[in-house]
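Notes follow the structure.
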Amino acid sequence: MVCPHCGKELEELAVVRLLRSRVNFTSTLPRRGQVITCIECRKVLTAELAGFA
Ligand SMILES: [Zn+2]
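So this is what it looks like as structure tokens:
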């Protein structure tokens, strides 16, 4: 896939496991589960991926 933020074609993704107790820094991310981020620009790609509803 291609990162929508920086346009880099990603061969791998960084998956950040979230713990609810540690997720106070933003309200736009799911409160638990995993967030997938671009390894290049470190921005979150979760919005482009389904499954967090
Ligand atoms: Zn990126």
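Going by my numbering, the sequence shown opens with residue 25, and the numbers climb by one from there. Glycine included, C-beta positions come from ideal geometry on N, C-alpha and C.
Closer than 6 Å to some heavy atom of ligand 1: that describes the Cβ of Glu64.
Taking a contact as a CB-CB distance under 8 Å, the pair Val39 and Glu33 does not count as one, their CB atoms being some 18 Å apart. The residues Cys30 and Lys32, in chain order, have a CB closer than 6 Å to that of Glu64 in the same chain once the five nearest residues on each side in sequence are set aside.
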